[in-house]
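**Q** Below you will find the structure I want to go over with you.
In the working numbering, the protein residues as written are 38 to 550.
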């Protein structure tokens, strides 16, 4: 019981001490500000000073902000004089220009001694503006109008009176009144496709500012097609690589599928589907006709056309079988020109040449008989090409001195007559047989026109050839009948047929030997 009484006395003494001290020392009472301010807001400072005894000194008020490099700013400093038990109010307004978390710190000073001090609760000074942005829809076509509207609010909750600005194709600025704004934006017809980000800035005259982003989508519109071949002109058997690309309104690459067709004289040669930016292949045949080929690319209501050119090509292919030279026209145009056949006698250092007129349609061939003194020859075909002479080696060929012919009658031209040669050959065989066997004593001759392609020795003079070849030279020829030799009378024709039948056994025996 005694302990309880003692404790009570200690508590009572403490209360009396506090009460007595409050009346013997000065006190500062400060009204706490609001929680948040923005630049330009007026912060009202209000304090009350009480002193139980007469007092003279100074009253100081400072602003502390965590983002201020100097940390403090002196707002109020003034001498103060109080009578005993006198109360004094001190107020002033501060226009918020600092930024950060702040508080007021007030103190009563006397000399170097701080008699009393007090600080407020922390409050925030901000320069932020928040934007709420809206648009009339999410996706737009090139050339359409976007209607942008919204609200601008300062961090302290007040509505903004200021300006809204952004850069797009140019600089735009609109006014903000009571936090509200609205403005139309017309998109360019050549605007880029897909997502666009619009950075919008708001500000006022006090230095408050804020920004936000508005995202909108531009629908791509197919606008044009380009065709780019790997070359503008081609030769037969070459392949054209054709790139087809789809572009949008901004001339940017666009995905899609295109139909690529190739025409020659309005006749469809090829058609295929290909992805934009990919390629189609078109291979010209070896005998494709020369001229312009039109390439068409279509899709999405668009069409593009260009021409590529197939060049003329003069090509002859030759090969030799059993003394017969076959010449093919493997170009894509009719061939009508002279062809030179070069005879180079192996190990004899002797070179001859002979020319023939070749007139062949595309893909056709003619056979030509090679006749030369017995020996091995390196043969070469020389003929005019597109721009220069072409030399084609025919390899080595053993010629026996006999005439071996394989003439394709279907491929003969008007200036080449097989019947004439056949008649001459047959009559020569018959005459030889008549001389050997003594069957006939009277020689029968026929008035025949002979067609030869005369060889020229090159580069040696004629005299040297005669000495070494006994006046016999290589030649390339086709028989050419005349009307006199083949169609004189029915009796003459029957007689020839009879002689041919009689000569058959001897011809076969001679060939076997």
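Just so it is clear, CB atoms sit at the ideal spot from N, CA and C, and this is done for glycine as well.
#1: Going by alpha carbons, who is nearest to residue 384 out of 401, 359, 415?
#2: Give the secondary structure of residue 370 by DSSP, where H, G and I count as helix, E and B as strand, and everything else as coil.
#3: When you compare the region 157–167 with the region 105–115, are there three or more beta-carbon pairs, one atom per stretch, that lie closer than 8 Å?
#4: For a test of the three-state rule: what should DSSP assign to residue 436, helix, strand or coil?
#5: Out of 434, 375, 341, state which residue places its alpha-carbon closest to the alpha-carbon of residue 381.
#6: Return helix, strand or coil for residue 228, following the three-state DSSP convention.
#7: By the DSSP assignment, the beta strand (DSSP E) with residue 352 in it spans what residues?
#8: Would you call the CB atoms of residue 328 and residue 347 closer than 9 Å?
#9: Distance, Cα to Cα, residue 63 vs residue 150?
#10: Are the CB atoms of residue 276 and residue 295 nearer to each other than 9 Å?
#11: When you compare only the Cα positions, how much space is there between residue 199 and residue 187?
#12: To which residues of the same chain is residue 69 closer than 7 Å at the C-beta, ignoring the five residues directly before and after it?
#13: For residue 527, count neighbouring Cβ atoms within 10 angstroms of its own Cβ and tell me buried if that reaches 16, exposed if not.
#14: Take residue 265 and list the residues in its own chain whose beta-carbon comes closer than 6 Å to its own, dropping the five residues that flank it on each side.
#15: I need the straight-line Cα distance from residue 195 to residue 258, nearest angstrom please.
#16: Less than 8 Å between C-beta atoms, sequence neighbours within five positions excluded: which residues of the same chain meet that for residue 225?
#17: Rank 290, 78, 369 by C-alpha distance to the C-alpha of residue 243 and give the top, closest one.
#18: Roughly how far, in whole angstroms, is the beta-carbon of residue 146 from the beta-carbon of residue 95, given that I think they are within contact range, below 8 Å?
#19: Indicate whether residue 370 and residue 270 have their beta-carbon atoms separated by less than 9 Å.
#20: So who's on the other strand from residue 214, going by DSSP bridges?
#21: Taking residue 321 as the reference, give the member of 300, 272, 284 with the closest Cα.
#22: In this structure, does DSSP put residue 256 in helix, strand or coil?
#23: Terminal residues of the continuous beta strand (DSSP E) containing residue 66?
#24: With a CB to CB cut of under 6 Å and the five nearest residues on each side skipped, what residues in its chain are close to residue 137?
#25: Across the region 234–250 and the region 305–319, are there enough close Cβ pairs to call them in contact, namely three or more that are closer than 8 Å?
#26: Tell me which same chain residues have a C-beta within less than 6 Å of the C-beta of residue 144, skipping the five on either side of it?
#27: Roughly how many angstroms separate the alpha carbons of residue 334 and residue 255, rounded to a whole number?
#28: Compute the Euclidean distance between the alpha carbons of residue 90 and residue 120, then round it to the nearest angstrom.
#29: By DSSP, does residue 379 sit in helix, in strand, or in coil?
#30: From what residue to what residue does the beta strand (DSSP E) around residue 398 run?
#31: Where do the N-terminal and C-terminal ends of the beta strand (DSSP E) with residue 403 fall, by residue?
**A** Reading off the structure:
#1: Sequence index remark: in the chain shown, residue 384 carries index 347 (1-based). For residue 384, the nearest C-alpha among the options comes from 415.
#2: Here the question's residue 370 lines up with position 333 in the chain shown. It is coil, neither helix nor strand.
#3: no
#4: Along the chain shown, one-based indexing puts residue 436 at 399. Strand at residue 436.
#5: Here residue 381 refers to the residue found at position 344 when the chain shown is read from its first residue. Taking only the C-alpha atoms, the option nearest residue 381 is 434.
#6: Position 191 of the chain shown, counted from the first residue, corresponds to residue 228. If DSSP states are grouped into helix, strand and coil, residue 228 belongs with coil.
#7: Taking the first residue of the chain shown as position 1, residue 352 is located at position 315. Premise fails: residue 352 is in no beta strand (DSSP E) and is neither H nor E.
#8: On the chain shown, position 291 is the one that residue 328 refers to. On the chain shown, position 310 is the one that residue 347 refers to. It is a contact, given that the beta carbons lie within the stated cut-off.
#9: One-based indexing of the chain shown puts residue 63 at position 26. One-based indexing of the chain shown puts residue 150 at position 113. Taking the straight line from one Cα to the other gives about 13 Å.
#10: For the purposes of this step, residue 276 is identified with residue 239 of the chain shown, where counting begins at 1. For the purposes of this step, residue 295 is identified with residue 258 of the chain shown, where counting begins at 1. Going by beta carbons, residue 276 and residue 295 fall outside the 9 Å limit.
#11: Stepping through the chain shown from its first residue, residue 199 is reached at position 162. Stepping through the chain shown from its first residue, residue 187 is reached at position 150. So the alpha carbons of these two residues sit roughly 13 Å apart.
#12: Stepping through the chain shown from its first residue, residue 69 is reached at position 32. The answer, listed in chain order, is 157, 158.
#13: The sequence position of residue 527 within the chain shown is 490, counting from 1. Unreliable positioning characterises residue 527 in this predicted model, as indicated by a pLDDT of 48, which lies under 50. The coordinate reading is nonetheless provided below. Burial call: exposed.
#14: As a first step, residue 265 must be located in the chain shown, where it is residue number 228. Excluding sequence neighbours, residue 265 sits near 280.
#15: Counted from its first residue, the chain shown places residue 195 at position 158. Counted from its first residue, the chain shown places residue 258 at position 221. For residue 195 and residue 258, the distance between alpha carbons rounds to 44 Å.
#16: Position 188 of the chain shown holds residue 225. Contacts found: 179, 180, 206.
#17: Indexing the chain shown from 1 puts residue 243 at position 206. Here the closest residue by C-alpha is 78.
#18: By one-based count along the chain shown, residue 146 stands at place 109. By one-based count along the chain shown, residue 95 stands at place 58. So it is a contact: roughly 5 Å between Cβ atoms.
#19: By one-based count along the chain shown, residue 370 stands at place 333. By one-based count along the chain shown, residue 270 stands at place 233. Judged by beta-carbon spacing, residue 270 lies beyond the 9 Å limit of residue 370, meaning their Cβ atoms are not closer than that value.
#20: The count along the chain shown starts at 1 and reaches residue 214 at position 177. In the DSSP assignment, residue 214 forms a beta bridge with 217.
#21: Residue mapping note: residue 321 aligns to position 284 of the chain shown, counting from 1. Nearest option by C-alpha distance: 272.
#22: Here residue 256 corresponds to residue number 219 of the chain shown, with the count starting at 1. If DSSP states are grouped into helix, strand and coil, residue 256 belongs with coil.
#23: Numbered from its first residue, the chain shown carries residue 66 at position 29. Note, residue 66: beta strand (DSSP E), 64–67.
#24: The sequence position of residue 137 within the chain shown is 100, counting from 1. Excluding five sequence positions before and after residue 137, the CB atoms of its chain that fall closer than 6 Å to its own CB belong to 102, 103, 104, given in chain order.
#25: no
#26: Taking the first residue of the chain shown as 1, we reach residue 144 at position 107. Excluding positions up to five away in sequence, the list reads 97, 151, 154.
#27: Along the chain shown, one-based indexing puts residue 334 at 297. Along the chain shown, one-based indexing puts residue 255 at 218. One C-alpha to the other measures close to 26 Å.
#28: What you label residue 90 is simply residue 53 of the chain shown in a count that begins at 1. What you label residue 120 is simply residue 83 of the chain shown in a count that begins at 1. Roughly 6 Å between the two C-alpha positions.
#29: Taking the chain shown and counting its residues from 1, the one referred to as residue 379 is at position 342. Strand at residue 379.
#30: The sequence position of residue 398 within the chain shown is 361, counting from 1. Segment: none, residue 398 is in no beta strand (DSSP E) and carries neither H nor E.
#31: Within the chain shown, the letter at position 366 stands for residue 403. Start and end: 402–408.
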